[in-house]
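K.L.:
One structure is given below, represented as structure tokens, and several questions about it will come after.
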Amino acid sequence: MVSFKKMCKKVWKSTVRKSAGWMSCFDPTLSVSCPKVTTEMHERLNFPKVELHLHLDGAVRFDTLLELSQQKGISLAGAKTVEELKKVLVTHEPANLSKVLEAFEIFLPVIRGDLSAIERVAYELCEDQHKNGVVYFEGRYSPHLLLSNDYPEVTASHVVAAVKKGFDRGEKQFGIKARSILCCIRGLDKKFPQLILDLATDLKQLGVVAIDVAGSAHGADEQYEPEVIAAFKEAYKRGIHRTVHAGESGGPKEVMRAIEDMHAERIGHGYRIMRDEELYIENFVNSKHVHLEACPYSSVMTGAVPLDWKNHPIARWAQDDVNFSVSRDDPTCFDNTMLSELTLAHKQVGLTIHQLWKAQLNAARSCFLPEDEKAVLVKLVEAGEPPLP
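Residues 1 to 389, numbered by full-length UniProt numbering, are exactly what the sequence shown covers, in order.
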């Protein structure tokens, strides 16, 4: 487990360096935060919601972290209250990708290896989603990175089972449906992608619906490691669904490699496809086959796009009727909810309420549920269509 953690830090530091040039266009004095959700907006956004790009290990309640920290005697950078913890973990300034990534190493130690805590996180996430009108979501995580040397008996399969247990409790109590996506991490052990693929294959009964790969591009060609490509090609053959982080720290080449080399059905983020108008038009306007998982607030906080809400990629995507959705990425790092994210997309980016609903319909149609369950979800979202502006 130690080697995995060291490798992750190496990958994260590389990501920060690669993003430095793009971040330099930001005004460091400019502050931005998630908008408050008014009663009016809550009512206008009262349609079924679907969230596809959500990192389970980045979606932990602050009070839960504090409670676990106190129980285990593990410091959270000295934070003793929720407000203090938010100051430590939450990113409020653009161009601060390093802070976003470093936050995980502050709070994950209180969860790693603890199956009870992992189940609790999954269950509480269901409750929080329910309060925001989410009816279905997919939580992604790398189970191996939730292991700990302090719990040598706990395996990656145990982690997935704990998540399933929490999701099942959430579904029973709140009527919400949740599934797991297992993540590879670029730059780790060469055997890691195959391990993730085999887990996803073997643990379908535990609610695993797909695999993902996260991490930054390497080299001018923005090539994925051969082992990652091989795992995704094999996933395609096995009928395992595939989503790929691309076009966040990398550019259009990375997005196209994910689609062409790895059979990606969905792209996590994908904003920088906009640097190549021809590729954008060909692959996302003329064709609706590949879904884009947008996380607007995260995209600015991590330096993926400049702080210019009116010209954010999703404004163009909505205008062009692209197959995209809106998600939060890592709410523990951004203190955002689905309602605040949609409010931001409406108030600051300029999407209409109907366009925000269409994003939910896109998400429902692009989710990784079996076709019969997907059809039920699509009908549920369709029934909540708001009036056209």
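Ideal Cβ positions, reconstructed from N, Cα and C, are used throughout, including at glycine.
In terms of residue numbering, what span does the alpha helix (DSSP H) encompassing I240 cover?
P.N.:
Neither: I240 is in no alpha helix (DSSP H) and is coded neither H nor E.
K.L.:
What are the boundary residues of the beta strand (DSSP E) that F44 is part of?
P.N.:
Residue 44 is actually Arg in this sequence, not Phe. Where R44 is concerned, there is no enclosing beta strand (DSSP E), although the alpha helix (DSSP H) it sits in stretches over 39-44.
K.L.:
Can you list, in chain order, the stretches of the beta strand (DSSP E) that have 3 or more residues and sit fully within the stretch 249-276?
P.N.:
Entirely contained in the stretch 249-276, the beta strand (DSSP E) runs reaching 3 residues are, in chain order, 266-269.
K.L.:
Could you give the DSSP three-state label for R365: helix, strand or coil?
P.N.:
If DSSP states are grouped into helix, strand and coil, R365 belongs with the helices.
K.L.:
Helix, strand or coil for I229, going by three-state DSSP, please let me know.
P.N.:
If DSSP states are grouped into helix, strand and coil, I229 belongs with the helices.
K.L.:
For the alpha helix (DSSP H) that A117 lies in, which residues bound it at each end?
P.N.:
Per DSSP, A117 belongs to the alpha helix (DSSP H) from 115-131.
K.L.:
Is there contact between the stretch 153-170 and the stretch 110-119, where contact requires at least three CB pairs shorter than 8 angstroms?
P.N.:
The stretch 153-170 vs the stretch 110-119: in contact.
K.L.:
So for F284, helix, strand or coil by DSSP?
P.N.:
The answer is helix: DSSP assigns F284 an H, G or I state.
K.L.:
Starting from the C-beta of residue 391, find all residues in its chain whose C-beta is less than 8 angstroms away, skip the five residues before and the five after it, and write them out in chain order.
P.N.:
Nothing can be reported for residue 391: it is not among the residues displayed for the chain, which extend from 1 to 389.
K.L.:
For A231, collect the residues of the same chain with a Cβ closer than 6 angstroms to its Cβ; drop the 5 residues on either side in sequence, then sort them by chain order.
P.N.:
If we look at A231 and ignore the five residues flanking it on each side, its Cβ neighbours are P193, Q194, L197.
K.L.:
From G207 to L54, what distance separates their C-alpha atoms?
P.N.:
One C-alpha to the other measures close to 16 angstroms.
K.L.:
So who's on the other strand from D212, going by DSSP bridges?
P.N.:
DSSP, once it has assigned bridges, lists C183 as partnering D212.
K.L.:
From the DSSP output, in three-state form, read off V90 for me.
P.N.:
Coil at V90, not helix or strand.
K.L.:
Taking the straight line between their C-alpha atoms, what separation do you get for V255 and E67?
P.N.:
Each residue's alpha carbon lies about 40 angstroms from the other.
K.L.:
With a threshold of 8 angstroms, are at least 3 pairs of Cβ atoms found where one atom belongs to the stretch 123-132 and the other to the stretch 70-89?
P.N.:
No, because fewer than three Cβ pairs between the stretch 123-132 and the stretch 70-89 fall closer than 8 angstroms, the two stretches do not touch.
K.L.:
Starting from A345, follow its DSSP beta bridges and name the residues at the other end.
P.N.:
Its beta-bridge partners do not exist; DSSP assigns none.
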